[in-house]
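Colleague: Below: one structure in structure tokens.
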Amino acid sequence: MINPVSPIHIPQVLIIDDEKYNIEFLKIVLTQSGYQVESARNGAEGRRKASKLRPDLILLDIMMPGESGFETCALLKQDQSVCEIPIIFLTALDDTKNIRRGLDAGAADFIAKPFEYREVLNRIRIHLKITFGDKFFFSGAKTSEQEAYPVPTAEKIEGICVFNGRDFEESQKSFCEGALISGGIESLLLLETLKPDSLLDREEIRKTLAVNSGPHFVPSESMRNIGLSLFGPGISKGKEHHAEAILAHIDRNNELATVVNSGGPPVIHQSGDTDFTFIEPQTAGMAATGLGLPPCSSFEFRRGDRLFLCTRSALAGFENIAEGIVHLQNGAAASSGVDLHTACEAMGKTVSAMAGRDKGQFAIIQG
Numbered sequence: 032m033i034n035p036v037s038p039i040h041i042p043q044v045l046i047i048d049d050e051k052y053n054i055e056f057l058k059i060v061l062t063q064s065g066y067q068v069e070s071a072r073n074g075a076e077g078r079r080k081a082s083k084l085r086p087d088l089i090l091l092d093i094m095m096p097g098e099s100g101f102e103t104c105a106l107l108k109q110d111q112s113v114c115e116i117p118i119i120f121l122t123a124l125d126d127t128k129n130i131r132r133g134l135d136a137g138a139a140d141f142i143a144k145p146f147e148y149r150e151v152l153n154r155i156r157i158h159l160k161i162t163f164g165d166k167f168f169f170s171g172a173k174t175s176e177q178e179a180y181p182v183p184t185a186e187k188i189e190g191i192c193v194f195n196g197r198d199f200e201e202s203q204k205s206f207c208e209g210a211l212i213s214g215g216i217e218s219l220l221l222l223e224t225l226k227p228d229s230l231l232d233r234e235e236i237r238k239t240l241a242v243n244s245g246p247h248f249v250p251s252e253s254m255r256n257i258g259l260s261l262f263g264p265g266i267s268k269g270k271e272h273h274a275e276a277i278l279a280h281i282d283r284n285n286e287l288a289t290v291v292n293s294g295g296p297p298v299i300h301q302s303g304d305t306d307f308t309f310i311e312p313q314t315a316g317m318a319a320t321g322l323g324l325p326p327c328s329s330f331e332f333r334r335g336d337r338l339f340l341c342t343r344s345a346l347a348g349f350e351n352i353a354e355g356i357v358h359l360q361n362g363a364a365a366s367s368g369v370d371l372h373t374a375c376e377a378m379g380k381t382v383s384a385m386a387g388r389d390k391g392q393f394a395i396i397q398g
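The sequence shown begins at 32 in our numbering and counts up by one.
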């Protein structure tokens, strides 16, 4: 069992719209993605809530009775307590004149109705990253978020089972940590250092994962930031590219999975009893792409599907990694229909026995 962390900061979004349907739709989309959401039905109420709550971002409808969105935006920008909050207009108006008027009033962006939820999430994510980056850059902060905040812990994650070799804890080289982002959305990080004299600190890994998890991070960005924080050039001198990791991000609400494989063994996706897909390593190791985002693989992950992940050390007793993965695939096929925890324990022990090793880690994620 893993003890998952929660994101250190969960962004809050304020929706200002007079149409109840729009508010309810946006609340569902944003809440399922992990955001905190508040709402107001007119401009005056929205300004009061903005001053009280200080949200991270405001979604503002233009066409409202009484005080229009343009007027609300202009008034918010005159209030020093909330003037830095990015505002995205929600509008059916797409002509150049109204776009210019909105930008002149201080809006950061526009989203046209009817909404496409992926576009809404992407626009919000982009403007939150810009705002957070500006705040950090101009604040002159000398300490990292890892040092400033304790790591919040979350409830147990259902649908994930981890098998630990008896010797893995003593090595301080292999760790499996989870992050619960919201109900139905979680991430699992399987990390291993390959440098003989390099040991990992579990608390540092958990803090880094908590800082770089949340609805405003895509999986590739989380993996890049974690890699640079722990092993990047100039941060942990001498440790560059000496670690491998797999980050599996599961969105059960939309039956989607994203895997970022930075140098680890292939990840096995089982759909049905005999349908297997292999997600090969996409980069040489953690921090290998520097500030660039590492590639990832996104795919449908339906109820009953399984992902099988392991560290390189768990397969070290086999002649090669490919042989070990074949044994994992055979075990996955044989365990179809078996409950998650029984399958994980049986496969972990079998692979350890066949490999002649009792190190490393092995995990199953079930859809």
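Note that beta-carbon positions come from the ideal geometry of N, C-alpha and C, so glycine has one too. Computed from a prediction, not measured in an experiment: that's the story for all the values here.
Evaluate I14 with the Cβ neighbour count: other Cβ atoms within 10 Å of its Cβ, from every protein chain shown; 16 or more gives buried, anything less gives exposed.
Modeller: The requested residue 14 is not part of the displayed model; the chain covers only 32 to 398.
Colleague: Using a Cβ-Cβ cutoff of less than 7 Å, which residues in the same chain neighbour G209 once the five nearest sequence positions on both sides are dropped?
Modeller: I33, P35, I188, I191, E217, S218 and L219
Colleague: Counting Cβ pairs, one atom from each stretch, are 3 or more of them under 8 Å apart for the segment 149-156 and the segment 99-115?
Modeller: Flag = no, the segment 149-156 and the segment 99-115 do not touch.
Colleague: Quick check: the segment 230-243 against the segment 283-296, are there 3 or more CB pairs under 8 Å?
Modeller: They do not touch, by the three-pair rule.
Colleague: Please work out which residues of its chain come closer than 6 Å, Cβ to Cβ, to Q301, disregarding the five sequence neighbours upstream and downstream, and give them in chain order.
Modeller: A distance below 6 Å between beta-carbons, with the five flanking residues on each side excluded, links Q301 to the following residues of its chain, in chain order: F307, R337 and A363.
Colleague: Would you list, in sequence order, the uninterrupted alpha helix (DSSP H) runs of no fewer than 4 residues that lie entirely inside the segment 78-158?
Modeller: Whole alpha helix (DSSP H) segments, 4+ residues: 100-109 and 127-136.
Colleague: Return yes when the Cβ of Q392 is within less than 9 Å of the Cβ of C327, no when it is not.
Modeller: no
Colleague: Classify Q109: buried if its beta carbon has 16 or more other beta carbons within 10 angstroms, exposed otherwise.
Modeller: exposed
Colleague: Which residue's Cα is closest to the Cα of P250: N53, L134 and I281?
Modeller: Here the closest residue by C-alpha is I281.
Colleague: With DSSP collapsed to three states, give me the class of Q313.
Modeller: coil
Colleague: Following the continuous beta strand (DSSP E) through H247, name the residue where it begins and the one where it ends.
Modeller: Per DSSP, H247 belongs to no beta strand (DSSP E) and is neither H nor E.
Colleague: Which word fits G323, buried or exposed, when buried means at least 16 other C-beta atoms lie within 10 angstroms of its C-beta?
Modeller: In summary, G323 is exposed, with fewer than 16 beta-carbon neighbours lying within 10 Å of its beta-carbon over all protein chains present.
Colleague: Measuring alpha carbon to alpha carbon, tell me which residue in E275, F248 and V369 is nearest S225.
Modeller: First, the residue type needs correcting, since residue 225 is Leu and not Ser in the sequence shown. The option with the nearest alpha carbon to L225 is E275.
Colleague: Starting from H358, follow the alpha helix (DSSP H) in both directions and report where the run begins and ends.
Modeller: I352 to A365
Colleague: Go ahead and label K128 buried or exposed: buried means 16 or more other beta carbons lie within 10 angstroms of its beta carbon, across all protein chains shown.
Modeller: exposed
Colleague: In the DSSP assignment, find the alpha helix (DSSP H) that holds V291 and state where it starts and stops.
Modeller: Per DSSP, V291 belongs to no alpha helix (DSSP H); it is in the beta strand (DSSP E), L287 to S293.
Colleague: Between A279 and R79, what straight-line distance do the alpha-carbon atoms span, to the nearest angstrom?
Modeller: C-alpha of A279 to C-alpha of R79: approximately 40 Å in a straight line.
Colleague: Determine the extent of the alpha helix (DSSP H) in which N53 is found, giving its start and end residues.
Modeller: Per DSSP, N53 belongs to the alpha helix (DSSP H) from K51 to S64.
Colleague: In terms of residues, what are the limits of the beta strand (DSSP E) holding L338?
Modeller: R337 to C341
Colleague: What are the boundary residues of the beta strand (DSSP E) that T224 is part of?
Modeller: I216 to T224
Colleague: With burial defined as no fewer than 16 other Cβ atoms inside 10 Å of the residue's Cβ, what is the status of E234: buried or exposed?
Modeller: exposed
Colleague: Return helix, strand or coil for V369, following the three-state DSSP convention.
Modeller: coil
Colleague: Tell me whether N195 is buried or exposed, calling it buried when 16 or more other Cβ atoms sit within 10 Å of its Cβ.
Modeller: buried
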